[in-house]
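Visitor:
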Amino acid sequence: MKKFSTKHYFKLIAFLIILSTVPVIITGGLSYWQSSKAIVDYSNDEKKQNIYQIQTNVEQVLKYVDLSTTYFVRSTQTQQFLKENMNAASFSDFNKLRRDLNHLQTIETGIEDIIFVSFEEKWLINNDGLVRLDNSTYEKINTSYMNIPETSSWILEEAEKISFPNATKKSCSHYINLVKKLPILSSKSTGIIGVLIPTCELTEIMAGNNNSESFLILDENNQTIAHSNTAYIGEDNYIPSSLFNQIDTDAEEGQFEYTINDIAYKITYHTSNYNNWTYLSFVKISDLHMRSSSIGWITMLIVSILLIISTIFAVIGSRVLYKPVKRLKNAINSNQGETDGKTVNEFDLIETHIQKLLNQNNQLEQRVQSQVTQLKQLFMMRLVQGKIKNDEIPLKLQSFHYQTSWTWLTIFSLKFDAIDQEKFDKNDQDLILFAINNLLEDIIPATERLTPVVINDTQTTIIITECETDAEYTRSINEKVQLIQEKVKELFHLSISIGISQRFKHLYQADIAFRESKEALKYRLKMGESSIIYYENLNRRYSNIAPYPSAIKNKLFDAIKVSDKEKAKTDLFKLFEYINRNDIHHQQLEIILSRFLYELFELKELLGIDVEDFHSTEMITHYQNLSSLEEIRDWILISIIHPLIDKLDAKDDSKNKRISDKMIRMIQESFNRDISLDLIAAELHYNPNYLSSIFQKETGYSFSEYLLKYRLNKAKDWLTSTNKSVKEIAEELQYNNSQNFIRSFRKMEGITPGKYRAQYKSKEA
851 MKKFSTKHYF
861 KLIAFLIILS
871 TVPVIITGGL
881 SYWQSSKAIV
891 DYSNDEKKQN
901 IYQIQTNVEQ
911 VLKYVDLSTT
921 YFVRSTQTQQ
931 FLKENMNAAS
941 FSDFNKLRRD
951 LNHLQTIETG
961 IEDIIFVSFE
971 EKWLINNDGL
981 VRLDNSTYEK
991 INTSYMNIPE
1001 TSSWILEEAE
1011 KISFPNATKK
1021 SCSHYINLVK
1031 KLPILSSKST
1041 GIIGVLIPTC
1051 ELTEIMAGNN
1061 NSESFLILDE
1071 NNQTIAHSNT
1081 AYIGEDNYIP
1091 SSLFNQIDTD
1101 AEEGQFEYTI
1111 NDIAYKITYH
1121 TSNYNNWTYL
1131 SFVKISDLHM
1141 RSSSIGWITM
1151 LIVSILLIIS
1161 TIFAVIGSRV
1171 LYKPVKRLKN
1181 AINSNQGETD
1191 GKTVNEFDLI
1201 ETHIQKLLNQ
1211 NNQLEQRVQS
1221 QVTQLKQLFM
1231 MRLVQGKIKN
1241 DEIPLKLQSF
1251 HYQTSWTWLT
1261 IFSLKFDAID
1271 QEKFDKNDQD
1281 LILFAINNLL
1291 EDIIPATERL
1301 TPVVINDTQT
1311 TIIITECETD
1321 AEYTRSINEK
1331 VQLIQEKVKE
1341 LFHLSISIGI
1351 SQRFKHLYQA
1361 DIAFRESKEA
1371 LKYRLKMGES
1381 SIIYYENLNR
1391 RYSNIAPYPS
1401 AIKNKLFDAI
1411 KVSDKEKAKT
1421 DLFKLFEYIN
1431 RNDIHHQQLE
1441 IILSRFLYEL
1451 FELKELLGID
1461 VEDFHSTEMI
1471 THYQNLSSLE
1481 EIRDWILISI
1491 IHPLIDKLDA
1501 KDDSKNKRIS
1511 DKMIRMIQES
1521 FNRDISLDLI
1531 AAELHYNPNY
1541 LSSIFQKETG
1551 YSFSEYLLKY
1561 RLNKAKDWLT
1571 STNKSVKEIA
1581 EELQYNNSQN
1591 FIRSFRKMEG
1601 ITPGKYRAQY
1611 KSKEA
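Note that my numbering has the sequence shown beginning at 851, numbered continuously upward.
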């Protein structure tokens, strides 16, 4: 046995050495042989990409400037400015025009100055302000730019030769000037606009791309516009004119070799269709050869290192690979025991043991088959949740004997709307869902569905259809959902809502369809009980957004603060009537309800009251488990608002009593002065409406009624115990005149003050 193991070990070493070294040698030779060709091809493509990138970066700036300027000059306002005589009366227009010109000058574009010229009114506006054109300046501008054949063109100019007076030209010796004749769409030009960009800006765009490469931009007249890395082709920056003859003007791009100052260069060029500029790239051929030779040496070094590593790997790897074989044999022998002295080949021993494991596995598979229903449900749950890989689906369909051909697939997601509290308990929700799940297996044939499953609080089924037309598909789906609703209503006396996804062809889209069906179900809050909601019929553009009903909410909170249950109920109904009246999509509905409940929670915390069913922010999302707006409204009213008011009443009874006692004491102390509810509220630091509600609740009188009653009682006391006249009493009690006092007294007592005094005295006599 040991001899065999050693032989197998050396065979393994030889095999691994051959397996690891031969590919390395072949790969190294091919890599070295292909290096020169590969580096040239790569370099050519790289230079093309580099020069295309440079062209793209430059033209992106130029096109942006061109488009921005065109948009500006074509505006009606700008064309109107062109015809105006800029004077003191037009100062606002001048400011507007100059501000618009400044907006065109951004850091990204590098614009140094924009000159706007009106030939009719002979004025010019730029960064330095407004300039009146004399005849010589007018002729100079007209001669320099109006003879350009194109309406819009880019021209290269020296800074000192720019014909626009006062033009800002500090950054560079040369500028590219975008000249547009105005108006653009008119054959007769009455103005002109010039956009000055220093060529240094283009140099900065090109700079820093590659130290071993230089770029050059030429205009249509082969004038150098910008140059990067000038030191790369010589400090004198000299470009022979004969080089330009090598450029094929009929070709958009190309490459050629050229010698400058006894140095050979690979030159790549690309001609722009935008403004006929030519973009050139210079790279030394010696640099290319240096790359090729360096790759050869590197390849040889890498091959040598890999050969050494491969040999070491083969020796060490053979030992490592053989160890599991040895451990397996020892483990099998230790478990089974050696019953005889025969030497057994380790692979035969392992094969025998694996055969036993396979037999055991077959027994396990037979047990698993008895649990196939649970496996199907697990598969369906993972499928609609997007946890099944695409390549697993055909195998699963085959192993579970599902139908593998169909025209369309659709997902039904079902929720019951409300539980009849007299027949079912809320804890029976899961049992009801599983009962409905079993019902669907019975009423929908297996050829028309996959296995129904329950996921959280939703029953979900994938429906299979083989309809050829849209009408057949719609009729088939409608028949199934109506049958489901009727059977659930008949057997369980429950109303259910069903969300229906869009139809799809492939099972790997099931997770998307499942989300669509659940999304559709969210709209049942607005649509009510027994809803059948098609995802494809939903308006998901959400063009109408109803504002949050802050005014109704504030009134509701005020009613809660004053413990007015009827007013709170009325305002809550108004809030839900507003939600139901407006076309609010479910996402906005969730935002409105969540915000309202969160603010209600904040009010509870502010009032310092604990409500049993509303004790944490997590309870704010409880409404998502409810099935209709009416159910949500009733839950908020019964479980939150009414307990909140009851707790507030219990808490505020003693506080309200103290406040009302203070108000009564202040009335009794100041009844003969000009006293009002606003004055008392200011002194007690409360809202007058709040004090009025407390006083009414504690005394049974409004503030004005109590004050009037107290004053009239004082009047009766003075009429019977003093000799004060009616007029004096009226003045004491802050009446404007005695007639008002007499009228109030008679309204309360049924007689005038004088008769009241006379009756009292007659009784004493």
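The beta carbon of each residue, even a glycine, is placed where N, CA and C say it ideally should be.
Please read all numbers here as calculations on a predicted model, not as lab measurements.
Look up P1603 in the DSSP assignment and say whether it is helix, strand or coil.
Guide: Correct three-state label for P1603: helix.
Visitor: Might you give, ordered along the chain, the residues of its own chain that have their beta carbon closer than 7 Å to the beta carbon of M1377, omitting 5 neighbours on each side?
Guide: So the qualifying residues of the chain are I1383.
Visitor: Give me the residue from I1346, I1182, T1128, N900 with the minimum Cα distance to E1201.
Guide: Here the closest residue by C-alpha is I1182.
Visitor: In or out: P1174 buried (at least 16 other Cβ within 10 Å) or exposed?
Guide: Under this definition P1174 is an exposed residue.
Visitor: Ignoring anything shorter than 4 residues, give me the alpha helix (DSSP H) runs that lie fully in the segment 1506 to 1579, in order along the chain.
Guide: Counting only runs of 4 or more, we get 1527 to 1534, 1538 to 1549, 1553 to 1571.
Visitor: Distance, Cα to Cα, L1052 vs G960?
Guide: One C-alpha to the other measures close to 9 Å.
Visitor: Can you look up A1076 in the DSSP assignment and give me helix, strand or coil?
Guide: Looking at A1076 - three-state DSSP - the assignment turns out to be strand.
Visitor: What residue from L917, Y921, N1072, T1118 has the CA that sits closest to E896's CA?
Guide: When each option's Cα is compared against that of E896, the closest is T1118.
Visitor: Could you pull out every unbroken alpha helix (DSSP H) segment of at least 4 residues lying fully inside the segment 1399 to 1484, listed in chain order?
Guide: Whole alpha helix (DSSP H) segments, 4+ residues: 1400 to 1411, 1415 to 1431, 1436 to 1457.
Visitor: Exposed or buried, V1165, counting other C-beta atoms within 10 Å across all chains shown (16 or more means buried)?
Guide: When all chains shown are included, V1165 counts as exposed.
Visitor: Going by DSSP, which residues form a beta bridge with I1350?
Guide: The partner list for I1350 (beta bridge, DSSP) reads F1262, Y1384.
Visitor: Can you give me the C-alpha to C-alpha distance between F1426 and E1440, rounded to a whole angstrom?
Guide: If I take the Cα positions, the gap works out to 13 Å.
Visitor: Could you tell me the distance, in whole angstroms, from the CA atom of D1496 to the CA atom of E1578?
Guide: Between D1496 and E1578, the C-alpha separation is close to 48 Å.
Visitor: Would you list, in sequence order, the uninterrupted alpha helix (DSSP H) runs of no fewer than 4 residues that lie entirely inside the segment 1358 to 1383?
Guide: The qualifying runs are 1360 to 1371, 1374 to 1377.
Visitor: Count Cβ pairs between the segment 1003 to 1011 and the segment 1027 to 1044 that sit closer than 8 Å; are there 3 or more?
Guide: Judged by Cβ distances under 8 Å, the segment 1003 to 1011 makes contact with the segment 1027 to 1044, as three or more pairs qualify.
Visitor: Pick from N1306, Q1309, I1314, K1559: whose alpha carbon is nearest that of A1296?
Guide: Considering only alpha carbons, the answer is I1314.
Visitor: Quickly, what does DSSP pair W973 with across the bridge? List them, please.
Guide: Paired residue(s): S968, R982.
Visitor: Counting Cβ pairs closer than 8 Å, one from the segment 934 to 947 and one from the segment 886 to 906, do we hit at least three?
Guide: Taking 8 Å as the limit for Cβ pairs, the verdict is that the segment 886 to 906 does not touch the segment 934 to 947.
Visitor: Sort out for me which residues DSSP pairs W1004 with in a bridge.
Guide: W1004 pairs with L1028.
Visitor: According to DSSP, simplified to helix, strand and coil, what is N1326?
Guide: Checking the sequence shown, residue 1326 turns out to be Ser, not Asn. Three-state result, S1326: helix.
Visitor: Which residues in the same chain have their Cβ closer than 6 Å to the Cβ of Q1279, if we skip the five residues on either side of it in sequence?
Guide: Cβ within range, chain order: n/a, list empty.
Visitor: From the DSSP secondary-structure annotation, give me the bridge partner or partners of Y1129.
Guide: Partner(s): I1067, H1120.
Visitor: For Y892 and S1154, what's the separation of their Cα atoms in angstroms?
Guide: Distance between the alpha carbons of Y892 and S1154: 26 Å.
Visitor: If we call anything under 7 Å between Cβ atoms a contact, is S1494 one with V1461?
Guide: At residue 1494 the sequence reads Leu, which differs from the Ser that was named. Yes. Within cutoff.
Visitor: Contact defined as beta carbons within less than 8 Å: I believe F1229 pairs with F1250. What is the distance between those atoms, to the nearest angstrom?
Guide: Sure, about 7 Å apart at Cβ, within 8 Å.
Visitor: Identify which residue in S1062, W1258, V1303, I1282 has its Cα closest to the Cα of S1326.
Guide: Nearest of S1062, W1258, V1303, I1282 to S1326, Cα basis: W1258.
Visitor: Return the Cβ separation of Y1323 and S1351 in integer angstroms, given the expectation that the two are a contact with Cβ distance under 8 Å.
Guide: At roughly 13 Å, the Cβ-Cβ gap does not stay under 8 Å, so Y1323 and S1351 are not in contact.
Visitor: Can you tell me the Cα-Cα spacing of K1070 and G879, whole angstroms?
Guide: According to the sequence as given, residue 1070 is Glu; it is not Lys. Their backbone Cα atoms lie some 48 Å apart in a straight line.
Visitor: What is the DSSP secondary structure of K913, reduced to helix, strand or coil?
Guide: Helix.
Visitor: DSSP has T1311 in a bridge; who is on the other side?
Guide: For T1311, which the question treats as bridged, DSSP gives the partners F1262.
Visitor: With three or more beta-carbon pairs closer than 8 Å as the criterion, would you say the segment 1118 to 1130 touches the segment 905 to 918?
Guide: Yes: the two stretches touch, three or more of their Cβ pairs being nearer than 8 Å.
Visitor: Candidates A1409, Q1096, Y1124, V1133: which alpha carbon is nearest S1064's?
Guide: Checking every option, the nearest Cα to that of S1064 belongs to V1133.
Visitor: Can you find at least 3 beta carbon pairs, one from the segment 1041 to 1052 and one from the segment 1013 to 1021, that sit closer than 8 Å?
Guide: Contact holds: three or more Cβ-Cβ distances are below 8 Å.
Visitor: Are the CB atoms of S1543 and V1412 within a distance shorter than 7 Å?
Guide: Yes, Cβ-Cβ distance for V1412 and S1543 is below 7 Å.
Visitor: Please work out which residues of its chain come closer than 6 Å, Cβ to Cβ, to H1360, disregarding the five sequence neighbours upstream and downstream, and give them in chain order.
Guide: Checking the sequence shown, residue 1360 turns out to be Ala, not His. Cβ within range, chain order: L1233, V1234.
Visitor: Tell me whether A1296 sits in a helix, a strand or coil according to DSSP, three-state version.
Guide: Three-state DSSP puts A1296 in a helix.
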